[in-house]
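Chain order of the listed sequences is A and B. Quick note on this note's numbering: the first sequence kicks off at 27 and runs consecutively. Quick note on this note's numbering: the second sequence kicks off at 10 and runs consecutively. From the three backbone atoms N, C-alpha and C, an ideal C-beta is built for every residue, glycine too. Since the structure is predicted, the reported quantities are computational estimates derived from the model, not experimental observations. See below for the structure under consideration.
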Amino acid sequence: MRAHMRRAEESIVDVEFCLVFPHEALSVPVMRRVLGDTLRRLGADEEGVSDLLLAVTEACTNVLKHGPPGPRYEVVARIGQRGCLIQVLNDERGLDSLLVPAPRRPMWDAVHAPGRFRRRAGGGAIRRTPRPGGRWRPAGEPLTEDQVIAMLPESGRGLAIMRACVDDVTLSSGPGLGTVVSLEKRMAWRDDAPLLEGQLRNAG
Amino acid sequence: MDLKLDHHTRDGIEVVDVEGEIDVYTAPRLRELLIELVNNGHYQLVVNMEKVEFLDSTGLGVLVGGLKRVRAHDGSLDLVCTQERILKIFRITGLTKVFGIHDTVDEAITARKSEK
Numbered sequence: 027m028r029a030h031m032r033r034a035e036e037s038i039v040d041v042e043f044c045l046v047f048p049h050e051a052l053s054v055p056v057m058r059r060v061l062g063d064t065l066r067r068l069g070a071d072e073e074g075v076s077d078l079l080l081a082v083t084e085a086c087t088n089v090l091k092h093g094p095p096g097p098r099y100e101v102v103a104r105i106g107q108r109g110c111l112i113q114v115l116n117d118e119r120g121l122d123s124l125l126v127p128a129p130r131r132p133m134w135d136a137v138h139a140p141g142r143f144r145r146r147a148g149g150g151a152i153r154r155t156p157r158p159g160g161r162w163r164p165a166g167e168p169l170t171e172d173q174v175i176a177m178l179p180e181s182g183r184g185l186a187i188m189r190a191c192v193d194d195v196t197l198s199s200g201p202g203l204g205t206v207v208s209l210e211k212r213m214a215w216r217d218d219a220p221l222l223e224g225q226l227r228n229a230g
Numbered sequence: 010m011d012l013k014l015d016h017h018t019r020d021g022i023e024v025v026d027v028e029g030e031i032d033v034y035t036a037p038r039l040r041e042l043l044i045e046l047v048n049n050g051h052y053q054l055v056v057n058m059e060k061v062e063f064l065d066s067t068g069l070g071v072l073v074g075g076l077k078r079v080r081a082h083d084g085s086l087d088l089v090c091t092q093e094r095i096l097k098i099f100r101i102t103g104l105t106k107v108f109g110i111h112d113t114v115d116e117a118i119t120a121r122k123s124e125k
């Protein structure tokens with residue numbers, strides 16, 4: 027890990043570091059420890075830290091699960107008073123899984139119960155399912171709870187979680203360029219946050 | 010903090026106590042435990058997540074997989090969780106409608122018993 031502490035006049039980034047990991051699952055909790063400890067020590071608000079760590083975890087996990095078996099991937103963190111930019115970089119293709127459609131939300135329309143749905147959802151909700159040709163038709167019966175559960179995917183929720191936890195998610199990918207997931211988040215700081223006291227800026 | 014797993018039977022329901030972080034590194038162990046319990050005939054499960062410090066989409070996938078397994082045997086998988094930062098992940102992904110989520114293990118067991 028190499029860390030830079032920059033002068034205020036150079037950049038709004040106060041702390042910048044890059045973690046380089048092998049494609050091993052252990053890298054993910056290690057990343058959380060390094061990034062989380064750094065942000066907490068600088069005085070970041072705990073809820074923001076928690077959300078950011080979840081989003082970065084999802085980005086790293088995607089590299090591990092779906093990226094190529096390249097030797098390494100990188101997590102680049104830039105932290106300033108205004109917020110964080112975290113980029114997860116991988117060598118080759120790897121975004122495909124993120125572009126899988128989100129969980130089929132309309133399914134829930136079929137079972138209209140507040141909170142958790144009932145075992146037998148009665149009533150006349152009409153489920154519309156797209157035909158292969160793109161036309162919509164009303165389905166005969168609402169889905170039962172068992173049918174809904176049987177259709178639930180076990181993966182594919184990472185992008186939704188990332189989007190909910192940070193202010194901006196950018197996926198970029200191109201032949202020979204590798205893939206980059208960029209996560210931007212505005213951060214709140216404790217009143218006594220060392221980062222706000224400018225200690226890092228004077229250190230240079 | 011790694012992942013610590015424990016389980017015991019209570020009122021005919023298998024209670025799984027999960028402590029620590031559930032992510033791509035640790036989730037395989039939780040998946041294996043849930044599969045083992047189902048293979049041993051435990052189809053009524055309560056997963057106590059009160060001591061879970063971290064949960065991500067990989068962990069959600071394992072819980073969904075567990076739910077699908079027990080439901081194939083007409084069983085159930087309920088959760089115990091009051092931590093806002095964990096509940097939020099279920100809300101984001103719409104899974105609060107799929108799992109019964111309770112405040113305590115007692116409540117989860119009582120609810121399951123009364124549904125029978």
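Between B:V55 and B:A117, the beta carbon gap of about 5 Å places them in contact (Cβ cut-off 8 Å). DSSP links B:Y34 through a beta bridge to no other residue.
In this structure, DSSP gives A:P179 a state outside helix and strand, which the three-state scheme calls coil.
DSSP places A:Q173 within a helical segment (H, G or I) once states are collapsed to three. With a threshold of 8 Å between beta carbons, B:Y52 makes no contact with chain A. For the region 165-191 of chain A, the set of residues with a beta-carbon nearer than 7 Å to any beta-carbon of chain B comprises D172, I175, A176, L178, E180, S181, R183, G184, A186, I187 and A190, in chain order. At a beta-carbon threshold of 7 Å, the residues of chain B lying near A:P55 are E30, D32 and Y34, ordered along the chain.
Straight through space, the alpha carbons of B:V25 and B:L14 are spaced by roughly 7 Å.
B:K60 sits close to B:E28, with the two beta carbons spaced by under 8 Å. Look at A:A51: its C-beta is under 8 Å from a C-beta on chain B.
Against chain A, the beta carbon of B:L96 has no neighbour under 9 Å; the closest one sits roughly 13 Å away. Here the alpha carbons of B:S123 and A:V207 stand approximately 47 Å from one another. For A:D117, the closest of A:V54, A:C191 and A:H49 by C-alpha to C-alpha distance is A:H49.
Counting of Cβ neighbours within 10 angstroms places A:G224 among the exposed residues, the total staying below 16.
The Cβ-Cβ distance between A:A219 and A:L68 falls below 8 Å. With fewer than 16 other Cβ atoms from the protein chains shown falling within 10 Å of its own Cβ, A:A176 counts as exposed. The DSSP assignment places 98-106 and 109-116 as complete runs of the beta strand (DSSP E) inside the region 64-121 of chain A, in order along the chain (cut-off: 3 residues). Under DSSP, the beta-bridge partners assigned to B:T18 are B:E23. With fewer than 16 other Cβ atoms from the protein chains shown falling within 10 Å of its own Cβ, A:D217 counts as exposed.
Pairing B:L104 with B:R38, the inter-Cα distance amounts to about 22 Å.
Closer than 8 Å to the CB of B:V25 there is not a single CB belonging to chain A.
DSSP, read as helix, strand or coil, puts A:E42 in strand.
Per DSSP, the beta-bridge partners of B:V55 are B:V24 and B:D87. Ranked by how close their Cα comes to the Cα of B:Y34, the residues A:G96, A:L79, A:E73 and A:T83 have A:T83 in first place.
Annotation: Cβ neighbours of B:G70 in chain A (cutoff 7 Å, chain order): E180 and S181. DSSP places B:T67 in the uninterrupted alpha helix (DSSP H) bounded by S66 to R80. Residues are counted here when their Cβ sits less than 7 Å from a Cβ of chain B; for the region 69-88 of chain A these are S76, L80, T83, E84 and T87, given in chain order. Three or more Cβ pairs closer than 8 Å define a contact, and the region 44-61 of chain A falls short of that threshold against the region 39-47 of chain B.
B:R121 sits in a helix when the DSSP states are folded into three classes. Comparing alpha-carbon positions, the option among B:D11, B:K106 and B:G74 lying closest to B:I44 turns out to be B:G74. In terms of beta-carbon proximity, A:L65 stays away from the interface with chain B, with every pair separated by 8 Å or more.
Rounded to whole angstroms, A:A190 and B:I101 show a C-alpha spacing of 7 Å.
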